[in-house]
Every structure is written in structure tokens, then in C-alpha cells.
Amino acid sequence: MLLENLLKNMIQISKPNIDKKEIDSVLKVLNSGHLVQGAVVQNFEKTFSEECGVKFAIATNSGTSALHTALYAAGIKEGDEVITTPFTFVATANSILMLGARPIFADIDPGTFNIDPTKIIEKINKRTKAILVVNLFGLPANYKEIKKIANKYNLIIVEDAAQSVGASYFGKQSGNLADIACFSLYATKNIISGEGGMITTSNKLYFERSKRFRNHGQDEERRYIYHGLGYNYRMTDLSAAIGLEQIKKLKMFTKRRQEIAEKYNSEFKNIEGIIVPEAPKATSSVYHQYTLRVTKKFKLTRDELKEYLLQKGIGSNVYYPVPLYRFKHLKFNSKISEFPVAEQMSKEVISIPVHPLLSDVEVKYIIRTIKSI
Ligand SMILES: *Cc1c(COP(=O)(O)O)cnc(C)c1O
């Protein structure tokens, strides 16, 4: 009972932000009699592609299936190598394995937590086909440098934009920063559809391959003719109905996240032992997470801070406590000593609530609680 009350009053690290609009839209779909990959999905795809400034969008039933599909569409095959970050959610690397290819990790930049372009070069060989770039915590990676490398070595760039819907980089939207991009609409992401994903691209071939792969290798117009292996990765119109309402609110959600993050930045930047997230030039983060580094100079260790915040009713989390090269199924000849930055970050990071449902009072309370340490 006590725990229940505590949880009820806790400031949670994330919270689904839905209202009557989403509920009414879902009811409308239920009453319409068309539940899967119908007009609502098509409408959602169109809206999403316009939001990102790309020609095509393909809806899927998760961010993971979007990644699997996009890598397939980009031509990744058994034996290929795909360079990616070890400091991400496991779906990024698992999607590479799903095609029989190998995730090859490159260390990250300590300021942005994103893949370090200089470390990518060291990992390129004749099997390398693509770079799977994650915009971690909502901040686009260093695409200028990554593109130079991709051009020089003839590599495809795939954007894992699961955390960065609405972000921009030198005037371009996330979803339009690489050859093909993938979003997640999972319940904790910046916009949601329950479970769901989206692929965006301006490449017609990638678009057509993606559409078939998501639906058992069939063309939409000609069913029961199979062009190759495919899966059931279709989105329901129920999910699309939620997503359509959510994307209308994207700018509002993002503005609130950025507002809270700016407050945190100015309040925390002078605390001894705390490092606030970096904001590189011409790069706008949508703060999927607001992530601090807790260094040795701080009064508490990172784990002590997490425990302290919990006692004060503030939810926090560590993204990510274990870098991916440490897991047996993802380890391909890599040595831990190749990743000093990812190792250090996994010990220092803590993410605190930044979602748009936080009230000003809650934000002030979080600031006061941390500053009083
Ligand atoms: C959430 C997430 C995914 C996976 O998305 P799902 O919708 O949960 O399948 C992939 N990559 C990153 C970086 C994510 O944060």
C-alpha cells in the first residue's frame, strides 16, 4: 500500500501523453470496420513524410521492425558488417543480426553520447556496408563528418531516429539526415502509437523494398505473389489513429521538452561534478532524455544520486548501464579496451524526467532537490 501510494505520487521518468483526441480517433477506427493498413495508416504515412521532408514513409508495427526492414531495403546481407554505436538500446544492434550481418561497434563522443566519426574510420574494411547512426536522447549525431566517411568508402547511412522525432540538424529534419531512417512510436517515445514504427526515405527503391518486406514480400496491388522473404510488420489503423493525433502535437511536446532542458542546463551547469548535455552548433535536440553525467567530483556517486532521487519521489534511470559489446551475442572480436568513452559514460550517466507532462512546480522541485545536494 505504502509503495503504491509512493508510486502514484512519484514524478515518473516518462508518461504517455494522450487525451480525448486519441481516444475518439481509435473509437472511430473500431467503428469503421477497417483495422489494419488502411486509409488511416496511409494518412499517417503521408503526414509523417511531410513532417520529415522526405518523399516516402512506411509504417511498421515497431521501431525494431522498422530497423530490420530499412537495413534489408538498404541491401544488408549475411556476412556484411554494419558499424554502429555500442551506447544505445539493444534493438539497434539486434536488427543487424536479424539479417545475418555483424554489428561492429565504434566508440562514442563524451560530449554528445553519439558515435564518434573518427572511431568509425578505424573499423572499416572490405565487408563494411553501412553505418547505423543513432541520434541518442534526441540529439542528431555528427552527420557532416559521417557523410564524408560514407562518401569516401561508399557506405550507406541508416538513421536510427527512434529517439529523435522532430529534431533537426543544419536545417534538416531527423528522418532526412541519411539514406533511410527509422522511428519508434513505442509508449515511452516522444510521440507514440502504443507499439509502432516508421521508415522514412526519398529513395524509391528502398521505399518499394520496404513496403514488400513489411507484408510477406507481396506488392500492395498484387497479393499472393511473393517477391522474396517478408514478414508481417504491418501497422494497425488503431495505432495510426493514435500516431496521427500525436504528430499534430509534436511541436508542442518538443517545445516543452526543450524549455525544461534549458532550465536544467542553466541550473545545473555550475554544479561541481555535474556535466550537462552538450548542444552542438546548428543541432536541435528534442530531449527524448535529459541526461547528466555524475563525475567523481560530485558529492554522491551516480547510483547514490539515483537512490536519493527515488527517496525524494523523483524517478530517474540509467540509459544505458551496459554497453552492447559486453553482451555475448553482440561481441565480435572487440575488446573492452577499444571503448574507453562508452565504458566511462555507462558509469556516469543518469537521465531525469523531462517529459511534457511535468508541471512547472515539479520541474522546480527536481531542480531544488538536486541543487540542495
Ligand atoms: C526504442 C528504440 C528502438 C526500438 O524501438 P521499438 O519500437 O521498441 O521496437 C530502437 N532504437 C532505439 C535507439 C530506441 O530507443
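Residue numbers (the working numbering): 3 to 375. Cβ coordinates follow ideal geometry from the N, Cα and C atoms, glycine included. Quick caveat, the model's predicted, so the values are computed rather than measured.
Handout entry: Beta-ladder partner(s) of phenylalanine 1, from DSSP
Key = Residue 1 falls outside the range modelled here, since the chain spans only 3 to 375, and no answer is possible.
Handout entry: Helix, strand or coil at arginine 211 according to DSSP, with G and I counted as helix
Key = helix
Handout entry: Counted within 10 angstroms of its Cβ, other Cβ atoms place leucine 207 as buried (16 or more) or exposed
Key = exposed
Problem - Beta-carbon contacts of leucine 311 that lie in its chain and below 6 Å, excluding the five residues immediately before and after - result: Ser318
Practice task
Please check the pair aspartate 109 and proline 323, which I expect to be a contact at CB under 8 Å, by giving their CB distance rounded to whole angstroms.
Solution key: About 17 Å separates the two Cβ atoms, so there is no contact after all.
Problem - Between the CA atoms of valine 278 and isoleucine 368 - distance to the nearest angstrom - result: 15 Å
Handout entry: Other residues of its chain near methionine 3: CB distance less than 8 Å, five sequence neighbours each side excluded
Key = Confidence in methionine 3 is poor, its pLDDT being 49 and thus under 50, which makes the residue's placement unreliable; the coordinate value appears in the next sentence. Answer for methionine 3: no residue qualifies.
Exercise for the section: Could you check how far apart the C-beta atoms of serine 51 and threonine 202 are, in whole angstroms? I think they sit under 8 Å. Expected result: 6 Å
Practice task
Please name the residue in Arg211, Thr238, Ser170, Ile148 whose C-alpha comes closest to that of leucine 187.
Solution key: Thr238
Problem - Collapsed DSSP secondary structure at threonine 114 in the structure displayed - result: coil
Exercise for the section: Give me whichever residues DSSP pairs with isoleucine 277 in a beta bridge. Expected result: Arg295
Problem - Exposure of arginine 225, with buried meaning 16 or more beta-carbon neighbours within 10 Å - result: exposed
Exercise for the section: Compute the Euclidean distance between the alpha carbons of valine 136 and isoleucine 182, then round it to the nearest angstrom. Expected result: 12 Å
Problem - the region 113-131 contacting the region 84-91, beta-carbon criterion three pairs below 8 Å - result: yes
Exercise for the section: Under the assumption that methionine 347 contacts proline 105 (Cβ atoms under 8 Å), give the Cβ distance between them as a whole number of angstroms. Expected result: Actually they are not in contact, since the Cβ atoms of methionine 347 and proline 105 sit about 18 Å apart, beyond 8 Å.
Practice task
Decide if tyrosine 289 is buried, meaning its Cβ has at least 16 other Cβ atoms within 10 Å, or exposed.
Solution key: buried
Handout entry: serine 64 beta carbon near ligand 1 (any heavy atom closer than 6 Å)
Key = yes
Problem - Inside the region 139-207 only - beta strand (DSSP E) runs reaching at least 3 residues - result: 158-162, 182-186, 199-203
Problem - Local conformation of lysine 308 per DSSP, three classes - result: helix
Handout entry: 8 Å contact criterion, which phenylalanine 215 and glycine 198 should meet: CB distance rounded
Key = Incorrect: roughly 16 Å between the Cβ atoms, too far for contact.
Problem - Residue interval of the beta strand (DSSP E) (run including alanine 132) - result: 130-136
Exercise for the section: Provide the residue(s) that pair with arginine 104 in DSSP beta bridges, ordered along the chain. Expected result: Glu83
Handout entry: Proximity below 7 Å, CB of isoleucine 158 to CB of isoleucine 122
Key = no
Handout entry: Segment contact flag, the region 345-359 with the region 13-20, C-beta cutoff 8 Å, min 3 pairs
Key = yes
Exercise for the section: Examine ligand 1 and report whether any of its heavy atoms sits within less than 6 Å of the Cβ of threonine 94. Expected result: yes
Practice task
Note down, in chain order, each residue of its chain lying with its Cβ closer than 6 Å to the Cβ of leucine 294, except the 5 sequence neighbours on either side.
Solution key: Ile276, Ile352
Handout entry: DSSP three-state assignment for threonine 303, whether helix, strand or coil
Key = coil
Exercise for the section: Indicate, with yes or no, if ligand 1 has a heavy atom lying under 6 Å from the CB of serine 186. Expected result: yes
Exercise for the section: My understanding is that phenylalanine 209 touches isoleucine 60, with C-beta atoms under 8 Å, so please give their C-beta distance in whole angstroms. Expected result: 7 Å
Practice task
Measure the Cβ-Cβ separation of serine 241 and glycine 196 and say whether it is below 7 Å.
Solution key: yes
Practice task
Can you grab the Cα-Cα spacing for the pair glycine 81 / glycine 102, in whole Å?
Solution key: 6 Å
Problem - DSSP-derived helix/strand/coil call for isoleucine 354 - result: strand
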